[in-house]
Amino acid sequence: DAGVIQSPRHEVTEMGQEVTLRCKPISGHDYLFWYRQTMMRGLELLIYFNNNVPIDDSGMPEDRFSAKMPNASFSTLKIQPSEPRDSAVYFCASSFHRGVTDTQYFGPGTRLTVL
Amino acid sequence: QKEVEQNSGPLSVPEGAIASLNCTYSDRVSQSFFWYRQYSGKSPELIMSIYSNGDKEDGRFTAQLNKASQYVSLLIRDSQPSDSATYLCAVNRGNTGTASKLTFGTGTRLQVTL
């Protein structure tokens, strides 16, 4: 299995621009998670999906952030408009839920820099 | 109080020694616990999970869970320079039957010296 795939791996953009991050989960996994990691705040859960349906978006910082999962093999995280404080590494993770024993597998991350 | 607390380190241990990493959590209903290792510039990777009180061993790694005291620890025996990384403790706050809504600690940086 190729693991969780994320693109792009690096993104540099200017403040005010729209940014779209992409994720392909591991085939057969039914949960997908978006995280953000910064030095100050560590690894934070932004939103997660179950069977393509958003379950909890309480971690999304504000309305500038949105996420979609149109099918079981693709998800996007969009920031519009972007701000310098959005600079972080964004990870996508997926898991197959089996009661309390599910394990999340992380993608390589997208390093976002907003100038 | 943070939901999941770890000492940020760095924790420095000599090669061959035992490294002990600790984590405390605040939510008593937490049911499953994970240790992830993250090398600099890389993504977190799962090394241990534990769900019941007591010890769980996997090679050089031992996870220990004490739900009454709300702490989980990770022991690394015979530490190697390749173990140098940040170790993230994660706690599942979800109820049985729901998704693993993990809360992560900020991590402990481990340095294994030659």
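Sequence lines, in order, name chains A and B. If you want my numbering, it's the 1-based position in the first sequence plus 9. If you want my numbering, it's the 1-based position in the second sequence plus 3. Note that beta-carbon positions come from the ideal geometry of N, C-alpha and C, so glycine has one too. Nothing here was measured: the structure is a model prediction, and the numbers come from that model.
First through last residue of the beta strand (DSSP E) which encompasses residue i
i               : result
F100 of chain A : 97-104
Q15 of chain A  : 14-16
G57 of chain B  : 57-61
R112 of chain B : 111-116
R90 of chain B  : One point to set straight first is that residue 90 of chain B is Tyr, not Arg, in the sequence displayed. Per DSSP, Y90 of chain B belongs to the beta strand (DSSP E) from 88-95.
I50 of chain B  : 48-53
Q73 of chain B  : Where Q73 of chain B is concerned, there is no enclosing beta strand (DSSP E), given that its DSSP letter is neither H nor E.
P17 of chain B  : 14-17
Q41 of chain B  : 35-41
T112 of chain A : First-last for T112 of chain A: undefined, no H or E at that position.
Cβ separation of residue i and residue j, assumed to be a contact under 8 Å, to the nearest whole Å
i              : j               : result
R18 of chain A : R120 of chain A : 7 Å
S46 of chain B : F115 of chain A : 4 Å
R73 of chain A : P90 of chain A  : 6 Å
S52 of chain B : F36 of chain B  : 7 Å
E18 of chain B : T111 of chain B : Not a contact, Cβ separation roughly 18 Å.
CA nearest to the CA of residue i, picked from the options
i               : options                       : result
L124 of chain A : A:Q89, A:G25, A:R73, A:K77    : A:G25
A22 of chain B  : B:C92, B:R80, B:R96           : B:R80
N60 of chain A  : A:F83, A:I14, A:Y114, A:V21   : A:F83
E60 of chain B  : B:Y28, B:K5, B:Q114, B:L78    : B:L78
G108 of chain B : B:C92, B:L24, B:L117, B:Q114  : B:C92
N25 of chain B  : B:L117, B:L105, B:T89         : B:T89
L52 of chain A  : A:V98, A:P117, A:S103         : A:V98
D30 of chain B  : B:S55, B:V94, B:L113          : B:V94
M69 of chain A  : A:V62, A:N80, A:L86           : A:L86
K70 of chain B  : B:E18, B:G62, B:D58           : B:D58
S67 of chain A  : B:Y28, B:Y54, B:T106          : B:T106
Y54 of chain B  : B:Q34, B:Q41, B:S43           : B:Q34
P5 of chain A   : B:Q67, B:V75, B:T116, B:Q41   : Given a span of 10 to 124 for chain A in the structure shown, any question on residue 5 of chain A remains unanswerable.
Q83 of chain B  : B:S15, B:Q9, B:V7, B:E6       : B:S15
I35 of chain A  : A:D111, A:A102, A:T122        : A:A102
R96 of chain B  : B:Y28, B:E48, B:A20, B:S87    : B:Y28
G37 of chain A  : A:N80, A:Q15, A:T47, A:L54    : A:N80
S30 of chain A  : A:F105, A:T112, A:D95, A:D111 : The sequence given here has Leu at residue 30 of chain A, not Ser. Measuring from the Cα of L30 of chain A, the nearest candidate turns out to be A:D95.
L113 of chain B : B:V75, B:K5, B:N10            : B:N10
R50 of chain A  : B:K5, B:S87, B:Q73            : B:K5
Opposing strand residues paired with residue i [DSSP bridges]
i              : result
M24 of chain A : Answer by DSSP bridge pairing: none, since M24 of chain A is not bridged.
H19 of chain A : A:R120
K87 of chain A : A:T29, A:S75
D65 of chain A : A:Y57
T47 of chain A : A:G51
V7 of chain B  : B:Y28
A66 of chain B : B:K59, B:L77
A22 of chain B : B:I79
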